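Protein chains: 2
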Amino acid sequence: MKKGAISWQSLRAEALRRICDQEWLPGELIPNEAELAQEFGCARTTVNRALRDLAESGYLERKRKGGTRVALTPVRKAIFEISIIRQDVEARGQDYGYTLLSDRCDAEVPASVHAALRLKSAVPLRHVCGLHLADGRPFCLEQRWLNPAVVGPEQKFDAISANEWLVRNLPFAHGTLSLYAVSADARLAQIMDCAVGTALFSMDRTTFSDTHSITAVTLIYGSGFRMETDIN
Amino acid sequence: MKKGAISWQSLRAEALRRICDQEWLPGELIPNEAELAQEFGCARTTVNRALRDLAESGYLERKRKGGTRVALTPVRKAIFEISIIRQDVEARGQDYGYTLLSDRCDAEVPASVHAALRLKSAVPLRHVCGLHLADGRPFCLEQRWLNPAVVGPEQKFDAISANEWLVRNLPFAHGTLSLYAVSADARLAQIMDCAVGTALFSMDRTTFSDTHSITAVTLIYGSGFRMETDIN
DNA sequence: AAGTGGTCTAGACCACAAA
DNA sequence: TTGTGGTCTAGACCACTTG
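For the record, the sequence lines run as chains A and B. So for the first sequence, my numbering puts the first residue at 52; every next one is plus one. So for the second sequence, my numbering puts the first residue at 52; every next one is plus one.
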């Protein structure tokens, strides 16, 4: 950056300090961009960059003509990255393994799956089940419904999991995510190597491309699993 | 914006289209900012804004001198907002209620809590338990340890939950978040009005200010609760 | 050494919302 | 009507990283 100039990061830091120290009170109007530019001896563009960033982070609320106010209840956010399960396991320093349990085109699609994927006609879906292992022990059970219009039947998921194949080949999907707890029934207990009735952490995801429904998946994690992240 | 000019949003959209349509292949170098500015007939600043935004969203990887590449495995993100439980309940269209269950300064702090809050000396912590209700039924059990150096004993949590008080009064905290499943024991089953052994969705949060450990809380949600969000 | 993205400037016009 | 933030421009220098 130019010598002697004030960076937008340092301006952001100073503004954040004033917010945290309540020099600028919650709900209160702060000076406008031109005034702050003069105070800090920089261009208005630089002030704009700093305040825009703080607004994106939830600290400020900005409106044309209305000015900039300190947010009354700043919304804190927790961000979870949707990654490949293999990479999650390896990031824990454990050996990764994968077993394909079943793969069939199933005409009997549960109504809930049909609705979640917003399918109109009674399209047959492909059902793929696989077990992800960490150090040889069950880590995550993947139960997935695939739209055959998107993933052809020639694609096999015995060597590479459907999870990894989809992330690598259809990365630009959007969708929904739902987290919940489920109690292990006899079948789950056997697969996940835990007692019947164990509480298991679970996740449903549905993903869509711009034009198609792609997949609905239920991931059930082994006993004791925790999904962790930072707040900010 | 100026008439006839190309907005950074439309430039971003066009670049994203090229990525999704694989006109720019994963891992491949795309034209540099100056070239794109010429192609689109705009200033380099505008190109920079668009590409920087795509990089923040995980679609591109940028390096000085190294140029800009399409990300090999774009990282999708799910964002959860940390809100006030009362507002969560009201957003569902249900009536909110709150009951304080217990509030005492407890010298016997579990080692796990002590460690999570990174406390050095054996500080006594305040322990507050409260039950959040939706339409009169148990919605979320809040079990919280508070640092008395941050929240004085004069602050009562019978009318307002500790959750809401903290979000309103100490909003600028960072911390950690952990999601998991827990099986209801006899005490939990009674409080949450469910069968013993029911799998319950649960969340641990620890929060810190710049200078202090503030609180460690365990939130246990009622049977059937799902935490939902969008991908993108 | 050289090329690329990162940032700052000064000025301008515009879009939106409040008065 | 007016004030505020949102954005674009053209130019400049700088920092980082690669060769």
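Beta carbons are placed, not taken as given, at the ideal position from N, Cα and C, and that holds for glycine. Just so it is clear, the structure is predicted and the values come from calculations on it, not from any experiment.
For residue 121 of chain B and residue 96 of chain A, I'd like the C-alpha separation in whole angstroms.
29 Å
Look up residue 165 of chain B in the DSSP assignment and say whether it is helix, strand or coil.
helix
Can you confirm whether residue 278 of chain B, when its beta carbon is compared against all beta carbons of chain A, has any partner nearer than 9 Å?
yes
Looking only at its chain, what residues have a beta carbon closer than 7 Å to the beta carbon of residue 237 of chain A, apart from the 5 residues adjacent to it on each side?
By the criterion of a C-beta distance shorter than 7 Å, residue 237 of chain A is surrounded in its chain by 247, once the five residues flanking it on both sides are discounted.
Does the Cβ-Cβ distance between residue 163 of chain A and residue 180 of chain A come in under 9 Å?
no
Mind pulling the chain A residues with CB within less than 9 Å of residue 283 of chain B?
Here the neighbours are 224, 225 and 226.
Would you kindly check if the distance between the Cβ of residue 208 of chain A and the Cβ of residue 168 of chain A is under 9 Å?
no
Alpha carbons only, please: which of A/257, A/195, A/190 and A/61 is nearest the one belonging to residue 240 of chain A?
A/190
Considering only DSSP beta bridges, list what residue 268 of chain A is partnered with.
DSSP lists A/195 and A/256 as partners of residue 268 of chain A.
Taking the Cβ atom as the reference point for each residue, do residue 178 of chain A and residue 195 of chain A lie within a distance shorter than 9 Å?
yes
So that I know if they touch, is there some Cβ in chain A lying closer than 9 Å to that of residue 207 of chain B?
It does not; no Cβ of chain A falls within 9 Å.
Within-9 Å CB hit, residue 142 of chain B to chain A:
The beta carbon of residue 142 of chain B sits no closer than 9 Å to any beta carbon of chain A.
Give the list of continuous beta strand (DSSP E) stretches no shorter than 3 residues that lie fully inside the stretch 131-165 of chain B.
147-157
Return helix, strand or coil for residue 104 of chain A, following the three-state DSSP convention.
helix
Cutoff 9 Å: residue 161 of chain B Cβ touching any chain A Cβ:
no
In terms of residues, what are the limits of the beta strand (DSSP E) holding residue 237 of chain B?
First-last for residue 237 of chain B: 237-243, but that is the alpha helix (DSSP H), not the beta strand (DSSP E).
Nearest neighbour of residue 147 of chain A, chosen from A/118, A/100, A/211 and A/265 [CA to CA]
A/211
For residue 226 of chain B, count neighbouring Cβ atoms within 10 angstroms of its own Cβ and tell me buried if that reaches 16, exposed if not.
Buried: at least 16 other Cβ atoms inside 10 Å.
Taking only beta-carbon atoms, is residue 171 of chain B less than 9 Å away from chain A?
no
Alpha-carbon to alpha-carbon, residue 192 of chain B and residue 249 of chain B:
The alpha-carbon atoms of residue 249 of chain B and residue 192 of chain B are separated by roughly 15 Å.
Of the choices A/199, A/145, A/186 and A/143, whose alpha-carbon is the least far from that of residue 170 of chain A?
A/199
Stretch-stretch touch, CB-based, cutoff 8 Å, three pairs: the stretch 71-78 of chain B with the stretch 109-121 of chain B
Contact holds: three or more Cβ-Cβ distances are below 8 Å.
Please determine if the stretch 268-275 of chain A and the stretch 58-75 of chain B are in contact, where contact requires at least 3 C-beta pairs separated by less than 8 Å.
Taking a cut-off of 8 Å on C-beta distances, the stretch 268-275 of chain A does not touch the stretch 58-75 of chain B, as fewer than three cross pairs fall below it.
Neighbouring residues, chain B, relative to residue 79 of chain A (Cβ below 7 Å):
Going along chain B, no residue has its Cβ under 7 Å from residue 79 of chain A, so there is no contact; the nearest lies around 14 Å.
Counting C-beta neighbours from all protein chains within 10 Å, is the total for residue 262 of chain A 16 or more, i.e. buried, or is it exposed?
exposed
Residue 126 of chain A CB to nearest heavy atom of the ligand GDP below 8 Å:
The model on display carries no ligand, and the ligand GDP is accordingly not part of it.
Under the rule that 16 or more other beta-carbon atoms within 10 Å means buried, what is residue 166 of chain A, buried or exposed?
exposed
Using only CA atoms, which one of B/230, B/136 and B/232 lies nearest to residue 185 of chain B?
Between residue 185 of chain B and the set B/230, B/136 and B/232, the nearest pair of CA atoms involves B/136.
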